[in-house]
Structure formats: C-alpha cells, structure tokens
Amino acid sequence: MKRIKDRIGPGWDAATISLPVRFNEVDAMDVVWHGHYIAWCECGREAWYGERGLPYRRMQALDIAAPIVRLQAEYLAPARGGEVVQV
C-alpha cells in the first residue's frame, strides 16, 4: 500500500506569491518594518488555501477554523522599497 505522501506530486504543499514592497511598509532607511513580514506570510497562507479550493469565505461557510498556534521568523536580509518579495 502506497503512503499518501508517495501518491502526491512534488510541490503539493507549496504556494508562491509575489508582493511589491509598498512605500507605507518601509521606514526612513527604506527597510521594511519587521511586522509586515508576518502580514505577508498571511497573504501566502491565504493563497495556499485558495489554490486548494478553500478561500477564507468558504472556510467560514463550512465552519472550518485554522488558527495560527505557533509562529517563528528569522530575518536573514532586509526587503527594501521598490523590491518585489516572493512569499
């Protein structure tokens, strides 16, 4: 019997979106404020669910909850104004 993991294609758990860094997301040094990265992760999460046929409105209608129970971030390099980030 094949495991579920072996029956699904690569990338089944991935979704990528592109987001432009907007003027209101940067500070005086043209670096994105750290809290915006978390908001961008939420945009990616929404895209991931949507690509699987579960946009948030449908989840609400089906009474499905998917709370964030843990979050960890490591800031490796700053995003700057005018750039496009991949989430």
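In this text, residue positions in the sequence shown follow my numbering: the first is 291, and each later residue adds one. The C-beta atom is built at its ideal place from N, Cα and C for all residues, glycine as well.
Please look up how many angstroms separate the CB atoms of Val377 and Trp323, rounded, as I've assumed it's under 8 Å.
-> Position 87 of the sequence shown, counted from the start, is the residue given in the question as residue 377. Position 33 of the sequence shown, counted from the start, is the residue given in the question as residue 323. Not a contact, Cβ separation roughly 16 Å.
Rounded separation between Tyr346 and Glu336 - CA only | In the sequence shown, residue 346 corresponds to position 56, counting from 1. In the sequence shown, residue 336 corresponds to position 46, counting from 1. Taking the straight line from one Cα to the other gives about 7 Å.
Within its chain, find whatever has a CB closer than 8 Å to the CB of Ile328; leave out the 5 residues flanking it on each side and keep chain order.
-> The residue labelled residue 328 in the question sits at position 38 within the sequence shown. In the same chain as Ile328, and ignoring 5 residues on each side of it, the C-beta atoms closer than 8 Å to its own belong to Leu361 and Ala363, in chain order.
Fully enclosed by the region 303-341, which beta strand (DSSP E) runs are 3 residues long or longer?
-> 308-310
Taking buried to mean at least 16 other C-beta atoms within 10 Å of its own C-beta, is Val359 buried or exposed?
-> The count along the sequence shown starts at 1 and reaches residue 359 at position 69. By the neighbour-count rule (16 or more Cβ atoms within 10 Å), Val359 is not buried but exposed.
What residues are listed by DSSP as bridge partners for Arg370?
-> Mapped onto the sequence shown, residue 370 falls at position 80. Beta-bridge pairing links Arg370 to Val321.
Ordered along the chain, which non-local residues of its own chain (more than five positions away) have a Cβ less than 7 Å from that of Val321?
-> On the sequence shown, position 31 is the one that residue 321 refers to. Pro368 and Arg370.
Give a yes or no on whether the C-beta atoms belonging to Ile307 and Gly334 are separated by under 8 Å.
-> As a first step, residue 307 is located in the sequence shown; it is residue number 17 there, counting from the start. As a first step, residue 334 is located in the sequence shown; it is residue number 44 there, counting from the start. For Ile307 and Gly334, yes; Cβs fall inside 8 Å.
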